[in-house]
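Chains as they are written, first to last, in the working numbering: chain Z, 1 to 753; chain U, 1001 to 1166.
The structure under discussion appears below in the form of structure tokens.
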């Protein structure tokens, strides 16, 4: 099927689920005040903003804080529109209404090529998807989309609240709206002033039609590095993560899942476990959320539960389809990528003909392994099932899916489930899953109304993840008689992620046939280079290993493939890698990429002399609508790469908080460097071999490079920042190593000994 | 048994600690409900559970509670109980935390380092700070330690820990 037909028919299929959706007006995301459940003394102005008795502003927070700074960045948008200090905006967890859904993330999931920008197809697709996403209102924190989404929802809600307050103040003060001045929660005019609290009730009754967003030139907060609101509690131990929930009468549960992925427990003997004082019960866990089946042990403390789990003797059963082996899968992926085929995400002119007429070809085979998320806070969920009501306390990126999945397991209605979202001790995509939530509810059915906190050990967490899928890609370029690159072909192979996630977390959107999954091909089909003939296809496999979204998703491996290969092409045509990229970033669309590339190169001193034994490598990649370029400075120390410095340049549109942007650059470099140097999950006989940090190494402080962040000024709407600095690191490092050693690394991780 | 935690004597039921074999981490978290100390790996590899015992940074996930009886334990809850410790203040100024989960352990390790070595070099920081941070805050951790060292040198009093070696 042709790509376009496929996309649109897929969308239509989903749309058909909604009765009469085509004739419904676009859903407003402003919402009514009652959605905010105003408490005594509070007045809600709309679905996002309410005013407290002390005049402070409370905003609905539908996004999860996992380190990316969203609990600071979103309140900044509110504070800006209302001209109050950031400290005067407090957050309250939002409800589950569709207005809080993440529209930007769904619109960004469309597999359009950037050259199609502005076309009817793209506009129609984005319009349809946006409408659909507004209707579905899926509440999710992911896809580096929170600020992009809030730019079109939270900001409008705050500006609307401002207009409401202004109209109420105008009536009270007898001054026209234009003459009013907002400052620190007070509105002044005609020599008098009145605070938000005194106006709130009147403002709530006002309906406004003329809402203006603040002009960027008038921004006081947006664009400045406000300190993060969550930091004080994170330095004194009071920040509450999922594992820190403590409730009267609470018991704890440890999981013991089948070590073989997809397997299940057969006969087991729990006598020894139950003899331990403080161990109270063993519960069977079905394969929750697409995972692996196993057991849970309930105990007086996490340690009791863990001792109990260790004492159970289980005969584990392999999954019915046979044991998974990553080495064999990786070989198969290489074969499939070499054969080509699959879904053509992008085709430009005629790559076949270009290859036939070429004077020479450059070809390389690349691969990347399975990876685990390994968040610092292991998976956990606290659940209490009492009197037909279920309450969850859970560090999750998907509270609504957690609610729905939990309701199903508990056999109660969704409205009988309350979800309290705690802080997340890291997410990186792992907490887009609901497996651990379902397991906690299974256990809560056996605790007679007492709350139970289910906690994974590090070993269970690492061996029962949803892994970044392994991928392989064949890349081939043809060089014409003038020595210029005529064509680029990329054939990649690996598991699609989105269809598997839909099956696990959002069954409503899981179709009988997998639609083409942008997330696995992103970063290969949408390259900004101007090579005349291009063909990019992806073969979506279904190898059976549970796979999920891993910070930067498909870009995490695809940028390694594409930006390493671009470096190969530079060398194949005897061109400096920076100059080569510049030569091929010629389109209007690529101006942004060129600016980012140039800024990184300039700040890093590209081409200047480095200390003896050091080399630079460069890579540039667009993901989540942001462009990041990095220059890595590397040397070899005792036979292994030592990265000294990473200079990052980024265009992420209008920057809301440059401090948080810098943090995300620094953090992404470390995250990506750990993976590039050592990251690899091996599965042998169905069993994940890396079980804890000593076998799945993380970068430490002593190995951390200096990271510099440089921003390309922009007034375009904000784009992603939590993920886009991950993809370019591996290729920039590999390219630096090539410059240093003359050896080209085409598979990750770089250190395998 | 009686535990000395953050300069308070806290009685703990022996049976609740599995006769003293339970790691200090779980006694703190699940018996005493002091949740500032975090669980990360259970094998002393990540440092999220770092507390100080008689002033020394210790990984509480592999320390049986019986081993700290009669010793002074300090957790994150006690680090800045009266006034923020210089490292906590520096962490705020350098905006160190992201998700924040590892930071209790990171701060305890940093406080311990500065007490032993009030002006550590980069190399000494490299050597002392082996905690894992998955968000990659290391660059700011380093800056935070240098900043705290300067603040301490400029006269910020650090309250000596009771029972700490002189």
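Note that the Cβ used here is the ideal one computed from N, Cα and C, for glycine as well.
Just to make sure I have the definition right: I need the residues of chain Z whose C-beta is within less than 7 Å of the C-beta of residue i. Which are they?
i, result
"residue 1135 (chain U)", "67, 426 and 667"
"residue 1023 (chain U)", "303"
"residue 1104 (chain U)", "237"
"residue 1007 (chain U)", "The contacting residues do not exist; residue 1007 (chain U) stays about 16 Å from chain Z at best."
Going by DSSP in three states, residue i sits in which element: helix, strand or coil?
i, result
"residue 456 (chain Z)", "coil"
"residue 381 (chain Z)", "strand"
"residue 499 (chain Z)", "helix"
"residue 568 (chain Z)", "helix"
"residue 23 (chain Z)", "Reliability fails at residue 23 (chain Z), whose pLDDT of 44 lies under 50, so the model's placement of it is uncertain and no value is given."
"residue 603 (chain Z)", "helix"
"residue 485 (chain Z)", "strand"
"residue 710 (chain Z)", "strand"
"residue 393 (chain Z)", "strand"
"residue 1121 (chain U)", "coil"
"residue 311 (chain Z)", "helix"
"residue 115 (chain Z)", "helix"
"residue 344 (chain Z)", "strand"
"residue 1104 (chain U)", "helix"
"residue 751 (chain Z)", "coil"
"residue 298 (chain Z)", "strand"
"residue 1023 (chain U)", "strand"
"residue 1152 (chain U)", "helix"
"residue 734 (chain Z)", "helix"
Can you name the residues of chain U whose CB is closer than 8 Å to the CB of residue i?
i, result
"residue 731 (chain Z)", "Those within 8 Å of residue 731 (chain Z) in chain U number zero; the least Cβ separation is about 19 Å."
"residue 675 (chain Z)", "Here the premise fails: no neighbours, minimum Cβ distance about 11 Å."
"residue 694 (chain Z)", "1043 and 1045"
"residue 707 (chain Z)", "1139"
Spell out the partners DSSP gives residue i in its beta bridges.
i, result
"residue 365 (chain Z)", "Z:474"
"residue 616 (chain Z)", "Z:633"
"residue 241 (chain Z)", "Z:423"
"residue 1139 (chain U)", "For residue 1139 (chain U), which the question treats as bridged, DSSP gives no partner whatsoever."
"residue 1091 (chain U)", "Paired residue(s): none; residue 1091 (chain U) is not in a bridge."
"residue 58 (chain Z)", "Z:50 and Z:90"
"residue 187 (chain Z)", "Z:182 and Z:194"
"residue 169 (chain Z)", "DSSP, once it has assigned bridges, lists no residue as partnering residue 169 (chain Z)."
"residue 370 (chain Z)", "Z:681"
"residue 253 (chain Z)", "Z:298 and Z:454"
"residue 1064 (chain U)", "U:1023"
Note down, in chain order, every chain Z residue with its Cβ under 9 Å from the Cβ of residue i.
i, result
"residue 1142 (chain U)", "701 and 704"
"residue 1129 (chain U)", "700, 701 and 702"
"residue 1036 (chain U)", "236, 237, 238, 239 and 244"
"residue 1015 (chain U)", "277 and 278"
"residue 1054 (chain U)", "What residue 1054 (chain U) touches in chain Z: nothing, since even the nearest Cβ is about 20 Å away."
"residue 1125 (chain U)", "701 and 702"
With a cut-off of 8 Å on the beta carbons, I'd call residue i and residue j a contact; round off their distance for me.
i, j, result
"residue 675 (chain Z)", "residue 371 (chain Z)", "6 Å"
"residue 1152 (chain U)", "residue 1114 (chain U)", "6 Å"
"residue 102 (chain Z)", "residue 138 (chain Z)", "6 Å"
"residue 538 (chain Z)", "residue 738 (chain Z)", "Not quite, the Cβ-Cβ distance comes to about 26 Å (not below 8 Å), so this is no contact."
"residue 177 (chain Z)", "residue 170 (chain Z)", "5 Å"
"residue 728 (chain Z)", "residue 612 (chain Z)", "Their Cβ separation, rounded to whole angstroms, is 26 Å, which puts residue 728 (chain Z) and residue 612 (chain Z) out of contact at 8 Å."
"residue 634 (chain Z)", "residue 740 (chain Z)", "6 Å"
"residue 402 (chain Z)", "residue 394 (chain Z)", "6 Å"
"residue 312 (chain Z)", "residue 282 (chain Z)", "7 Å"
"residue 235 (chain Z)", "residue 362 (chain Z)", "Not confirmed; about 52 Å, so no contact."
Find the residues of chain U that neighbour residue i, judging by a C-beta separation of less than 7 Å, and give them in chain order.
i, result
"residue 239 (chain Z)", "1100"
"residue 457 (chain Z)", "1042"
Name the chain Z residues whose beta carbon is nearer than 8 Å to that of residue i?
i, result
"residue 1048 (chain U)", "376"
Any beta carbon of chain C sitting closer than 8 Å to that of residue i?
i, result
"residue 1074 (chain U)", "The structure shown contains no chain C; its protein chains are Z and U."
Cβ contact check for the region 179-199 of chain Z and the region 1045-1063 of chain U: 3 or more pairs under 8 Å:
no
When the Cβ atoms of the region 488-497 of chain Z are set against those of the region 544-563 of chain Z, are three or more pairs found closer than 8 Å?
yes
At a cut of 8 Å, does the region 83-103 of chain Z reach the region 40-56 of chain Z through at least three beta carbon pairs?
yes
Contact between the region 591-611 of chain Z and the region 649-669 of chain Z (3+ Cβ pairs under 8 Å):
yes
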